[in-house]
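Peer 1: In the working numbering, the protein residues as written are 804 to 971.
1) Curious, which full-length beta strand (DSSP E) runs of at least 3 residues does the segment 811-856 contain?
2) Over the uninterrupted beta strand (DSSP E) stretch that includes residue 917, give me the two end residues.
3) From what residue to what residue does the alpha helix (DSSP H) around residue 928 run?
4) CA-CA distance, residue 882 and residue 965?
5) Within a Cβ cutoff of 8 Å, which residues of the same chain sit near residue 901, ignoring the five residues on either side of it in sequence?
6) How should residue 841 be labelled, buried or exposed, when 16 other C-beta atoms within 10 angstroms of its C-beta is the threshold for buried?
7) Please determine if the segment 926-941 and the segment 951-962 are in contact, where contact requires at least 3 C-beta pairs separated by less than 8 Å.
8) Find the nearest neighbour of residue 813 within the set 863, 970, 969 and 953, judged by alpha-carbon distance.
9) Take residue 852 as the anchor and find which of 906, 955, 830 and 913 has the nearest alpha-carbon.
10) Is the beta carbon of residue 939 closer than 8 Å to that of residue 885?
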(Lines of atoms letter the chains of each structure in order from A and count residues from 1; the text may use other names and numbers.)
(Lines give C-alpha, C1' and ligand atoms only; values in the text may rest on other atoms or scores of the structure.)
Protein backbone atom coordinates (compact mmCIF):
# COMPACT_ATOMS: atom_id res chain seq x y z
CA UNK A 1 0.00 0.00 0.00
CA UNK A 2 1.06 3.58 -0.54
CA UNK A 3 2.93 4.87 2.55
CA UNK A 4 0.88 8.07 2.76
CA UNK A 5 -2.37 6.12 2.69
CA UNK A 6 -0.98 3.73 5.28
CA UNK A 7 -0.42 6.63 7.70
CA UNK A 8 -3.91 7.96 7.03
CA UNK A 9 -5.49 4.58 7.77
CA UNK A 10 -3.29 4.12 10.86
CA UNK A 11 -4.49 7.42 12.30
CA UNK A 12 -6.80 6.40 15.10
CA UNK A 13 -8.07 8.24 18.17
CA UNK A 14 -5.68 7.24 20.96
CA UNK A 15 -6.78 8.23 24.45
CA UNK A 16 -4.45 6.08 26.61
CA UNK A 17 -0.76 6.88 26.95
CA UNK A 18 2.37 5.56 28.60
CA UNK A 19 4.32 7.86 30.91
CA UNK A 20 7.12 8.23 28.35
CA UNK A 21 7.65 11.91 27.47
CA UNK A 22 7.33 13.31 23.97
CA UNK A 23 10.75 14.60 22.89
CA UNK A 24 11.57 18.08 21.64
CA UNK A 25 12.44 16.55 18.26
CA UNK A 26 9.02 14.89 18.04
CA UNK A 27 7.27 18.14 18.98
CA UNK A 28 9.28 20.01 16.36
CA UNK A 29 8.31 17.44 13.70
CA UNK A 30 4.63 17.67 14.72
CA UNK A 31 4.68 21.46 14.44
CA UNK A 32 6.41 21.31 11.06
CA UNK A 33 3.66 18.96 9.86
CA UNK A 34 0.98 21.29 11.24
CA UNK A 35 2.39 24.25 9.38
CA UNK A 36 2.60 22.28 6.12
CA UNK A 37 -1.22 22.37 6.00
CA UNK A 38 -2.98 24.22 3.21
CA UNK A 39 -4.14 27.73 4.05
CA UNK A 40 -6.66 29.93 2.26
CA UNK A 41 -4.78 32.69 0.43
CA UNK A 42 -1.68 31.38 2.25
CA UNK A 43 -2.57 33.57 5.26
CA UNK A 44 -1.49 30.88 7.77
CA UNK A 45 -3.54 32.26 10.67
CA UNK A 46 -2.59 29.45 13.03
CA UNK A 47 -0.78 29.64 16.35
CA UNK A 48 0.13 26.65 18.50
CA UNK A 49 0.34 26.54 22.28
CA UNK A 50 2.47 23.57 23.37
CA UNK A 51 1.43 22.32 26.80
CA UNK A 52 3.73 20.00 28.78
CA UNK A 53 3.16 21.21 32.33
CA UNK A 54 1.25 18.62 34.32
CA UNK A 55 -0.77 21.28 36.18
CA UNK A 56 -2.01 22.81 32.91
CA UNK A 57 -2.84 19.42 31.34
CA UNK A 58 -4.77 18.49 34.49
CA UNK A 59 -6.58 21.84 34.53
CA UNK A 60 -7.76 21.36 30.96
CA UNK A 61 -8.73 17.73 31.66
CA UNK A 62 -10.77 18.84 34.65
CA UNK A 63 -12.54 21.68 32.82
CA UNK A 64 -13.12 20.15 29.38
CA UNK A 65 -16.04 17.69 29.40
CA UNK A 66 -14.38 15.51 26.73
CA UNK A 67 -10.73 16.04 27.69
CA UNK A 68 -10.27 13.46 30.44
CA UNK A 69 -7.48 11.72 28.49
CA UNK A 70 -5.33 14.76 29.21
CA UNK A 71 -4.93 13.52 32.79
CA UNK A 72 -2.59 10.87 31.33
CA UNK A 73 -1.19 12.71 28.31
CA UNK A 74 2.34 14.10 28.48
CA UNK A 75 1.57 16.70 25.81
CA UNK A 76 -1.21 18.76 24.33
CA UNK A 77 -1.06 21.16 21.43
CA UNK A 78 -3.71 23.82 21.38
CA UNK A 79 -4.41 25.04 17.86
CA UNK A 80 -5.51 28.66 17.73
CA UNK A 81 -6.50 30.97 14.91
CA UNK A 82 -5.76 34.65 14.43
CA UNK A 83 -9.02 36.28 13.35
CA UNK A 84 -7.22 39.47 12.32
CA UNK A 85 -4.97 37.60 9.91
CA UNK A 86 -7.89 35.63 8.45
CA UNK A 87 -11.42 36.71 9.27
CA UNK A 88 -13.30 34.22 7.11
CA UNK A 89 -11.24 31.02 6.83
CA UNK A 90 -9.15 30.82 10.02
CA UNK A 91 -11.15 27.86 11.30
CA UNK A 92 -10.74 25.91 8.05
CA UNK A 93 -7.00 26.52 8.09
CA UNK A 94 -6.81 25.43 11.74
CA UNK A 95 -8.78 22.28 10.88
CA UNK A 96 -6.21 21.41 8.21
CA UNK A 97 -3.35 22.05 10.65
CA UNK A 98 -5.06 19.91 13.30
CA UNK A 99 -5.47 17.03 10.86
CA UNK A 100 -1.81 17.31 9.84
CA UNK A 101 -0.84 17.04 13.50
CA UNK A 102 -2.90 13.86 13.82
CA UNK A 103 -1.54 12.39 10.58
CA UNK A 104 2.06 12.99 11.70
CA UNK A 105 1.70 11.02 14.94
CA UNK A 106 1.89 7.40 13.65
CA UNK A 107 5.14 8.19 11.80
CA UNK A 108 6.61 9.41 15.09
CA UNK A 109 5.46 6.42 17.14
CA UNK A 110 2.85 8.58 18.87
CA UNK A 111 -0.89 8.64 19.22
CA UNK A 112 -3.39 11.35 19.88
CA UNK A 113 -6.94 12.52 19.69
CA UNK A 114 -8.64 15.71 18.50
CA UNK A 115 -10.46 17.25 21.46
CA UNK A 116 -13.14 19.56 20.11
CA UNK A 117 -13.30 23.19 21.15
CA UNK A 118 -14.44 25.61 18.41
CA UNK A 119 -17.14 26.90 17.84
CA UNK A 120 -18.25 26.54 21.47
CA UNK A 121 -17.89 29.77 23.43
CA UNK A 122 -19.11 31.36 26.63
CA UNK A 123 -18.62 29.22 29.72
CA UNK A 124 -16.87 26.61 27.58
CA UNK A 125 -14.18 29.12 26.57
CA UNK A 126 -12.19 28.61 29.78
CA UNK A 127 -8.79 28.65 28.05
CA UNK A 128 -8.90 32.30 26.98
CA UNK A 129 -7.98 33.69 30.40
CA UNK A 130 -5.92 30.71 31.48
CA UNK A 131 -3.63 30.96 28.45
CA UNK A 132 -3.77 34.78 28.39
CA UNK A 133 -4.81 34.85 24.74
CA UNK A 134 -5.06 38.16 22.89
CA UNK A 135 -8.60 39.10 21.85
CA UNK A 136 -8.01 38.24 18.17
CA UNK A 137 -6.83 34.69 18.97
CA UNK A 138 -9.49 31.96 19.12
CA UNK A 139 -8.97 28.42 20.36
CA UNK A 140 -9.86 25.97 17.61
CA UNK A 141 -8.85 22.55 18.95
CA UNK A 142 -6.85 20.71 21.53
CA UNK A 143 -4.81 17.69 20.47
CA UNK A 144 -3.92 15.25 23.23
CA UNK A 145 -0.62 13.48 22.38
CA UNK A 146 1.53 10.72 23.84
CA UNK A 147 3.08 7.32 23.36
CA UNK A 148 0.16 4.91 22.90
CA UNK A 149 -0.79 2.59 25.74
CA UNK A 150 -3.44 1.06 23.49
CA UNK A 151 -3.32 -0.48 20.04
CA UNK A 152 -5.93 -0.03 17.36
CA UNK A 153 -5.96 -1.64 13.95
CA UNK A 154 -5.56 0.48 10.84
CA UNK A 155 -8.86 0.99 9.11
CA UNK A 156 -10.84 2.93 6.60
CA UNK A 157 -14.38 4.06 7.21
CA UNK A 158 -15.26 4.00 3.53
CA UNK A 159 -19.00 4.09 2.91
CA UNK A 160 -20.16 4.10 -0.71
CA UNK A 161 -23.66 5.23 0.31
CA UNK A 162 -22.41 8.78 0.95
CA UNK A 163 -20.76 9.17 -2.46
CA UNK A 164 -22.59 10.97 -5.25
CA UNK A 165 -21.23 11.55 -8.75
CA UNK A 166 -22.12 14.70 -10.67
CA UNK A 167 -25.44 15.19 -8.82
CA UNK A 168 -27.13 13.90 -5.71
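Think of the CB as a built atom: it goes at the ideal place given N, C-alpha and C, for glycine as much as any other residue.
Peer 2: From the atom records:
1) 849-854
2) 914-919
3) Per DSSP, residue 928 belongs to no alpha helix (DSSP H) and is neither H nor E.
4) 30 Å
5) 837, 882, 917, 943, 944 and 946
6) exposed
7) no
8) 953
9) 830
10) yes
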